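In our numbering, the protein residues as written are 1 to 413.
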């Protein structure tokens, strides 16, 4: 014990919280005279006082270790209270406290001391001259700056952080900057198209966030209807089929859909929609196109944009941008949960794809597509092995690419 203390005091070994705690514990066992152990001239406590009054002592960082330290320090004082008790009485006290009752009497006393003793109240004036009253420094409360203002109330939709920064940087220009949010849905499934949406949404709508975080399909549907009915909305949704995905791979198909959607927003033509009718401007499971775009919006409400020279800037979710974009663009990782316009686009893409999968479910009911939306669940793969692959299955996706199919899509064993 004294060898350990000497090495710690002389700096031969590093003073750690474990060694410091152990030294106090040894002291409580060795010295029966509690006045001697707590007295200021004892070298053990001189050393401890010097380190306990320093804010850099490591054990201060743990409230549990603080409690243990002070309980052990006072164990010898508490031992006078428990020494007169029998072992059976000590064990009864331990049982009442919900503690273990095994061990010799000294262990039981120590256990009771640790359980009943708590750190004394904070006293930053503790010195070497008053080791018995030594206490750790209280953690300073963070001072509030005079200029600090109360935080604004929590918003119920995503912020427009990057959008506002771009608009601010563009305010001295003679053109009107329009921000387009772009996102996709359906990159991972084994069946169905990948859908990309681009949207200009001037109105703040409560609840707009990443569509993946909106777990209820009915809630996504409600937000979708609110978005497409909001003042000044302009949007385009590109649908890229499974056949096109197999031709150029999913990444290129996704980027192609994003580019098509942005082009659709920038070139919305009301007269073309009236001439071709609504059916040609709707996503449908009956369409045979490899890829197509549907558009919509409040064209009358966006006349202020239409009648001014405008420049566009696209914010794209992810870490890649499509080639040959019709306007400047930048990617934003996790943008669908960070930027309002991208979050709105994610809802448009997700709901459009979910509606398509419900239609495909009517055509191919054996796969239960309305349930898993084309993802590779165990039930879906079981249906593929039993019924084969449908025309909307992506043959280049694993595990389908490792399976062999005949002309009708049946699995060849």
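In this text, a Cβ means the ideal position worked out from N, Cα and C, and glycines have one as well. In this text, all values refer to a predicted model and were calculated from it rather than measured experimentally.
Which residue marks the beginning of the beta strand (DSSP E) containing residue i, and which one marks its end?
| i | result |
| --- | --- |
| residue 161 | Unbroken run through residue 161 is the alpha helix (DSSP H), 161–170; no beta strand (DSSP E). |
| residue 234 | 234–240 |
Skipping 5 residues on each side, what residues in its chain have a beta carbon closer than 6 angstroms to that of residue i?
| i | result |
| --- | --- |
| residue 191 | 374, 392, 393 |
| residue 263 | 326 |
| residue 387 | 366 |
| residue 87 | 105 |
| residue 193 | 239, 240, 241 |
| residue 396 | 246 |
| residue 160 | 340 |
| residue 223 | 207, 347 |
Identify every residue that forms a DSSP beta bridge with residue i.
| i | result |
| --- | --- |
| residue 185 | 195 |
| residue 329 | 314 |
| residue 291 | 240 |
| residue 319 | In DSSP, residue 319 forms no bridge with anything. |
| residue 405 | 411 |
| residue 178 | 312 |
| residue 297 | 234 |
| residue 200 | 234 |
Nearest to residue i by CA position, among the options, is which residue?
| i | options | result |
| --- | --- | --- |
| residue 320 | 331, 326, 211 | 331 |
| residue 209 | 232, 183, 106, 173 | 183 |
| residue 179 | 185, 188, 194, 232 | 232 |
| residue 185 | 390, 105, 336 | 336 |
| residue 239 | 293, 188, 348 | 293 |
| residue 401 | 249, 265, 355, 357 | 249 |
| residue 237 | 378, 204, 388, 266 | 266 |
| residue 261 | 348, 215, 189 | 348 |
| residue 211 | 221, 202, 323 | 221 |
| residue 350 | 111, 390, 100, 216 | 216 |
| residue 200 | 390, 189, 163, 171 | 163 |
| residue 203 | 94, 213, 158 | 158 |
Tell me the residue span of the alpha helix (DSSP H) that contains residue i.
| i | result |
| --- | --- |
| residue 356 | 340–363 |
| residue 223 | 217–229 |
| residue 95 | 87–96 |
| residue 393 | That residue, residue 393, is in no alpha helix (DSSP H); it is neither H nor E in DSSP. |
| residue 205 | Neither: residue 205 is in no alpha helix (DSSP H) and is coded neither H nor E. |
| residue 251 | 250–266 |
| residue 387 | 378–387 |
| residue 369 | 369–372 |
Can you tell me the Cα-Cα spacing of residue i and residue j, whole angstroms?
| i | j | result |
| --- | --- | --- |
| residue 339 | residue 227 | 15 angstroms |
| residue 229 | residue 314 | 22 angstroms |
| residue 195 | residue 169 | 32 angstroms |
| residue 345 | residue 312 | 16 angstroms |
| residue 156 | residue 219 | 14 angstroms |
| residue 149 | residue 341 | Unreliable positioning characterises residue 149 in this predicted model, as indicated by a pLDDT of 44, which lies under 50. The coordinate reading is nonetheless provided below. Those two C-alpha atoms are separated by around 28 angstroms. |
| residue 382 | residue 288 | 27 angstroms |
| residue 372 | residue 361 | 10 angstroms |
| residue 253 | residue 323 | 12 angstroms |
| residue 317 | residue 172 | 27 angstroms |
| residue 334 | residue 256 | 20 angstroms |
In its own chain, which residues sit with a C-beta less than 7 angstroms from the C-beta of residue i, not counting the 5 before and 5 after it?
| i | result |
| --- | --- |
| residue 297 | 233, 234, 235, 268 |
| residue 290 | 241, 243, 244 |
Between which residues of its own chain and residue i is the CB-CB distance below 8 angstroms, once the five residues before and five after are set aside?
| i | result |
| --- | --- |
| residue 404 | 411, 412 |
| residue 167 | 177, 179 |
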